[in-house]
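This report concerns only the one structure given below.
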Amino acid sequence: MRKLSGDLKATTATPLTPPVTTPQPQPDGTDRGKSAGGQATYEPLHVLGQGSFGVVMMARVRETGKMVAVKKVLFDRRLHHRELLLLRDHLGPATHAGQAGTRNNDDPGKEAGKTDPSSTNNSVGEVGFTPLGDLTSVPTTVSYHPCIVRLLDHFTVAGPNGEQYLYIVMDYLPLDIHRLHHIYLRQKQQRMPFILVKVIIFQLARALMFLHLRGICHRDVKPSNLLIDPETGVLKLCDFGSAKVMQPQGVNGPREKNVSYICSRYYRAPELLLGSLYYHFHVDMWAAGCVLAELLCGEVLFKGASTVDQMAEIFKVLGAPSRQELLALNPQGAEALFHATGAGLEVTPTSAANTATSSDYLQRYHALRIKALQWQHVLPPNTPPAAVSLVGELLRYTPAERLSAAEVLEHSFFDDVFAEDASLPNGAPLPVSMFEVTAEEMEALPPWLLERMASAEASARRRHVSAGGSGKLVPPQKRQEQEGRK
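One point on numbering: in UniProt numbering, the residue at position 237 of the sequence shown is 237, and numbering is uninterrupted.
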């Protein structure tokens, strides 16, 4: 049974939702509707956030006591409701790379497969180990990606004036990285511990690798879209309202036109700031680099007041881009820019001047012909060399030169997370889910990394079992002493 507070009127099945019966008013003031997918009663507790998209509420599942996040948006049949389509048809347990799931990505009414559209499996279950060559051990394989928020349920409900509202039920985690970072800076008067930064970025890179394997560009990676449980270290990437399934790149780069005014400004890649319509997964990697730098510095790295000012802030650190870099960022915009400055570089296909040739941009470009700063002078003095290296390999003008998500996972910056005694700042072991993989990752990750993840998973699992047996976390040194006496 679905139960929600307020006066809910009749709702009918839509192309986006499984059939539900008409909710009937109940004596306790709520309304109930039964779906074919199972029984659930959602009790809204408080608002987590709201904006032009709608409202997100924290709710309790009465039958289980589990907390969930419920996003309520106005349902319009003319819109694609891309977030729901991606979560259901591209990121669910019954989908795989190259499969669009049950419906077309851009048309919720167009069938593309035979997967049951009402499937809302709420559990991430282990499906055993996947043997891989001569590996001595491999991580546990799971059906859902552990670092991406799950779709638990979805349905439509009629409002008091007959309008339809779409409810999307997802995983709930108590904080996001923006708020957690604020807690460290304001309440604890310190920057986030390095180990926590590594745990966060490792899980973010895992989420992005999985998305990119499935052809999905998130296009809005930022701290507030990274949910986390600070007690367990579990992190999940959320908010797929701007995400899009991208066409494969051609020989000369992206072939598909996309909107450039996307992604929150502080984390917007320079090709987007320059108005490029042809971009790919590299924009997510730039944003990930900005998040990493922010956690290391304790403040936003590039904090521009406008699109042009944002580009100027990037100039101050990376220096003004060279002609080759401008060409890589936005070939059409670079052509117009070079023409306006007398460079006369010919680029095809031709296009009209856009963001890259606005007068204020040209003024900034000429005024900021400065050399790039060394990253060790930008980041705090105590920043580990591996962290400096990773930031520098992500925040590069030329999109193709930025590390991919898979390459980030192989970086030495994360060596500490594989240590047997790796712990969160509160002394808890790292989350087991951090090292569990999907079948696609099992095929895509290098064998040596899979073995490291399997070993780290086993260590974390043992420590969680030890903590569960006593009710207290056992510090690594004390646990070793206890094991030595056995």
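Here a beta-carbon is modelled for each residue, glycine too, at the ideal position from N, C-alpha and C.
Asked                                                                                                               : Found
Integer Cβ distance of residue 230 from residue 180, believed to fall under 8 Å                                     : 6 Å
Residue from 328, 412, 321, 70 whose Cα sits closest to the Cα of residue 167                                       : 70
Whole-angstrom distance between residue 270 and residue 377, CA atom to CA atom                                     : 21 Å
CA-to-CA distance, residue 325 to residue 371, given in whole angstroms                                             : 14 Å
One or two residues paired with residue 176 in a DSSP bridge                                                        : 227
Spatial distance of residue 84 from residue 244 (CA atoms)                                                          : 12 Å
Residue closest to residue 293, alpha-carbon to alpha-carbon, out of 319, 442, 383                                  : 383
Contact under 8 Å by Cβ, residue 406 with residue 209                                                               : yes
Reduced DSSP category for residue 299 - H, G, I as helix; E, B as strand; rest coil                                 : coil
CA nearest to the CA of residue 199, picked from 273, 291, 286                                                      : 291
Sequence-distant residues of the same chain with beta carbon closer than 7 Å to residue 373, five excluded per side : 317
C-alpha distance - residue 415 paired with residue 43, whole-angstrom precision                                     : 43 Å
Straight-line Cα distance separating residue 161 from residue 288                                                   : 43 Å
Spatial distance of residue 272 from residue 195 (CA atoms)                                                         : 32 Å
Element boundaries [beta strand (DSSP E), containing residue 44]                                                    : 42-51
Cβ-Cβ separation, residue 276 to residue 262 (assumed contact under 8 Å), whole Å                                   : 11 Å between Cβ atoms; not a contact.
Inter-residue spacing [alpha-carbon to alpha-carbon] between residue 408 and residue 205                            : 7 Å
Selected residue, minimal CA-CA separation from residue 429, among 172, 234, 93                                     : 234
Selection from 41, 75, 188 that minimises the alpha carbon distance to residue 66                                   : 41
Assigned exposure category for residue 92 - 16 Cβ within 10 Å defines buried                                        : buried
Start-to-end residues for the alpha helix (DSSP H) that takes in residue 309                                        : 307-318
Contacting residues, own chain, Cβ-Cβ under 6 Å from residue 224 (five flanking each side not counted)              : 176, 178
Span of the beta strand (DSSP E) around residue 155                                                                 : 151-158
Cutoff 6 Å; reference residue 344; Cβ partners in own chain excluding five residues on either side                  : Summary for residue 344: the model assigns pLDDT 43, below 50, so the residue's position carries little reliability; its value from the coordinates is reported in the next sentence. Correct list: empty, nothing qualifies.
Contact belief for residue 404 with residue 246 at Cβ below 8 Å, rounded distance in angstroms                      : With 8 Å as the limit, residue 404 and residue 246 do not qualify as a contact, their Cβ atoms being about 14 Å apart.
Cα-Cα separation, residue 434 to residue 222                                                                        : 19 Å
Below-8 Å beta-carbon distance, residue 290 vs any chain B residue                                                  : No chain B appears in the structure shown, which is made up of a single protein chain.
Local conformation of residue 74 per DSSP, three classes                                                            : strand
Three-state class that DSSP yields for residue 324 in the structure shown                                           : helix
Same chain only: Cβ atoms within 7 Å of residue 148, ignoring 5 sequence neighbours per side                        : 91, 207, 210, 236, 237
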